[in-house]
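Novice: If you scroll down you'll find the structure; I have some questions about it.
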Amino acid sequence: MKLFFHEQWQAFWVAVQFLTQFPVKLRTYPKVRVQALSLLYYPLVGAFIGAVLMGISWIMRDQSIYLQATLVLTAWVVLTGGLHLDGLADSADGWMGGLGDADRTLQIMKDPCTGAIGALALILILMLKWSALVTLLPAGNLLPIMIASIMARLGAVALLSSTPYVRVQGIASVMIPLMPLKGIYALVMIGALWLVWLNVIWLLVVSIVFWMARRAMLARIKGTTGDTAGALIEVLEALLLTVACFTLEV
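Following our numbering, the numbering of the sequence shown begins with 2 at its first residue and continues without gaps.
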């Protein structure tokens, strides 16, 4: 039992270390099993990120709405180190430059340089997030920030657990075989029920976009990578914020 809780505690800090820029220093390099268990804590880390962003918005509530939105978005990028934005840019470059070829797509995605399409994708996704924040924050609708941060990371975990991982030496390749599938499926079910309780339209939109994204990955590269999982996080965050603008009183 003591070993169980120790592994879970380590797994949580592995998730924090990977998904955020908080100065987490582990005493020893985590075992592959612990790395795999860390997937269970991605939504919890998302909740923490969302809480920080909501706190920033609340502290800045008396300032200009544009300043609020800009600071929240800036903090969002800084907290995550732009990790998922990098995945989005790489995926966009690969999809456009790959010309339908899986190997070429993967090769372009591995290139550390960002092309024009990747830069355009970053601009558009950040503009969409900023516009949604400008719409939501004046009415004090902060909950969508939390929902977006949690569900986007849960979506990435669902993707990794249900889709072949195509990079043999990718960042998640070693832990994929040891993923706690039962725990992940339970989290996905809880997340789905939570969205139904909040607004069934959110669940429908998220499910459709997840299905379309996964289908596109399977068709193009026969699976997923860390980059495409990161891209999915950014797309789902922007999507949930945008849908909230239409379904909540703002």
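Note that beta-carbon positions come from the ideal geometry of N, C-alpha and C, so glycine has one too.
Quick one: what does DSSP say Thr115 is sitting in, helix, strand or coil?
Specialist: As a position in the sequence shown, residue 115 is number 114, starting the count at 1. Three-state result, Thr115: coil.
Novice: Is the Cβ-Cβ distance between Leu241 and Trp203 less than 8 Å?
Specialist: On the sequence shown, residue 241 is found 240 positions in, with the first residue counted as 1. On the sequence shown, residue 203 is found 202 positions in, with the first residue counted as 1. Yes; because the gap between Cβ atoms is below 8 Å, this pair is in contact.
Novice: On the DSSP bridge assignment, give the partners of Tyr166 in chain order.
Specialist: Position 165 of the sequence shown, counted from the start, is the residue given in the question as residue 166. Paired residue(s): Thr225.
Novice: According to DSSP, is Arg28 helix, strand or coil?
Specialist: One-based indexing of the sequence shown puts residue 28 at position 27. Of the three classes helix, strand and coil, the one that applies to Arg28 here is coil, per DSSP.
Novice: Less than 8 Å separating the beta-carbons of Ile146 and Gly51?
Specialist: Position 145 of the sequence shown, counted from the first residue, corresponds to residue 146. Position 50 of the sequence shown, counted from the first residue, corresponds to residue 51. Their beta carbons are under 8 Å apart, which means Ile146 touches Gly51 by this criterion.
Novice: Give every residue of the same chain whose Cβ lies closer than 8 Å to the Cβ of Ser163, excluding the five residues on either side of it in the sequence, and list them in chain order.
Specialist: What you label residue 163 is simply residue 162 of the sequence shown in a count that begins at 1. Closer than 8 Å at the Cβ level, and outside the excluded window around Ser163, lie Arg215.
Novice: For the alpha helix (DSSP H) containing Leu87, list its first residue and its last residue.
Specialist: For the purposes of this step, residue 87 is taken as residue 86 along the sequence shown, with counting starting at 1. It should be pointed out that residue 87 corresponds to Asp in this sequence rather than to Leu. Segment Leu84 to Gly98, the alpha helix (DSSP H) holding Asp87.
Novice: Closest by CA to Gly82, which one among Val201, Thr21 and Leu188?
Specialist: Here residue 82 corresponds to residue number 81 of the sequence shown, with the count starting at 1. With distances taken between Cα atoms, Gly82 lies closest to Thr21.
Novice: Taking a contact to mean a Cβ-Cβ separation below 8 Å, would you say Gln36 touches Val15 in this structure?
Specialist: Stepping through the sequence shown from its first residue, residue 36 is reached at position 35. Stepping through the sequence shown from its first residue, residue 15 is reached at position 14. Yes, the Cβ-Cβ distance between Gln36 and Val15 is below 8 Å.
Novice: Output the boundary residues of the alpha helix (DSSP H) element that contains Leu72.
Specialist: As a first step, residue 72 must be located in the sequence shown, where it is residue number 71. Here the alpha helix (DSSP H) through Leu72 covers Ile66 to Thr81.
Novice: Within the chosen definition, does the stretch 97-117 reach the stretch 64-77 through at least 3 CB pairs nearer than 8 Å?
Specialist: The stretch 97-117, when compared against the stretch 64-77, does not touch it at the 8 Å Cβ threshold.
Novice: Considering only heavy atoms of the ligand FAD, does any lie closer than 7 Å to the CB of Met147?
Specialist: No copy of the ligand FAD occurs in the structure displayed, which carries no ligand at all.
Novice: Considering Cα atoms alone, identify which of Pro139, Ala159, Gly224 and Ala173 is closest to Pro165.
Specialist: Within the sequence shown, the letter at position 164 stands for residue 165. Comparing Cα positions, the closest option is Gly224.
Novice: Return the CA-CA distance between Thr71 and Ala117, expressed in angstroms with no decimal places.
Specialist: Taking the first residue of the sequence shown as position 1, residue 71 is located at position 70. Taking the first residue of the sequence shown as position 1, residue 117 is located at position 116. If I take the Cα positions, the gap works out to 24 Å.
Novice: Return yes when the Cβ of Leu182 is within less than 8 Å of the Cβ of Val210, no when it is not.
Specialist: The residue you call residue 210 lines up with position 209 of the sequence shown. The residue you call residue 182 lines up with position 181 of the sequence shown. In this structure, Leu182 does not lie closer than 8 Å to Val210 by Cβ.
Novice: Rank Gly47, Ser58, Gln9 and Ala48 by C-alpha distance to the C-alpha of Pro31 and give the top, closest one.
Specialist: Position 30 of the sequence shown, counted from the first residue, corresponds to residue 31. The shortest Cα separation from Pro31 among Gly47, Ser58, Gln9 and Ala48 belongs to Gln9.
Novice: Can at least three beta-carbon pairs, one atom from the stretch 127-137 and one from the stretch 189-196, be found at a separation below 8 Å?
Specialist: The stretch 127-137 vs the stretch 189-196: no contact.
Novice: Between which two residues does the alpha helix (DSSP H) containing Gln36 stretch?
Specialist: Position 35 of the sequence shown, counted from the start, is the residue given in the question as residue 36. Per DSSP, Gln36 belongs to the alpha helix (DSSP H) from Val33 to Leu38.
Novice: Taking Leu196 and Val207 to be in contact with their CB atoms under 8 Å, please state how far apart those CB atoms are, rounded to whole angstroms.
Specialist: In the sequence shown, counting from the first residue as 1, residue 196 sits at position 195. In the sequence shown, counting from the first residue as 1, residue 207 sits at position 206. Confirmed, Cβ separation roughly 7 Å.
Novice: Please classify His7 as buried or exposed, where buried requires at least 16 neighbouring CB atoms within 10 angstroms.
Specialist: Your numbering for residue 7 matches position 6 in the sequence shown. So His7 ends up on the exposed side.
Novice: Note down, in chain order, each residue of its chain lying with its Cβ closer than 7 Å to the Cβ of Leu123, except the 5 sequence neighbours on either side.
Specialist: If you number the sequence shown from 1, residue 123 lands on position 122. The residues are Leu86, Leu89 and Ala90.
Novice: In the DSSP assignment, find the unbroken alpha helix (DSSP H) run with Ile177 in it and report its ends.
Specialist: What you label residue 177 is simply residue 176 of the sequence shown in a count that begins at 1. Note, Ile177: premise wrong, no alpha helix (DSSP H); not H, not E.
Novice: Quick one: residues in its chain with C-beta nearer than 7 Å to the C-beta of Pro139, no 5 flanking neighbours on either side, listed in chain order?
Specialist: Reading the sequence shown from its first residue, position 138 is the one you call residue 139. Here the set comprises Ile66.
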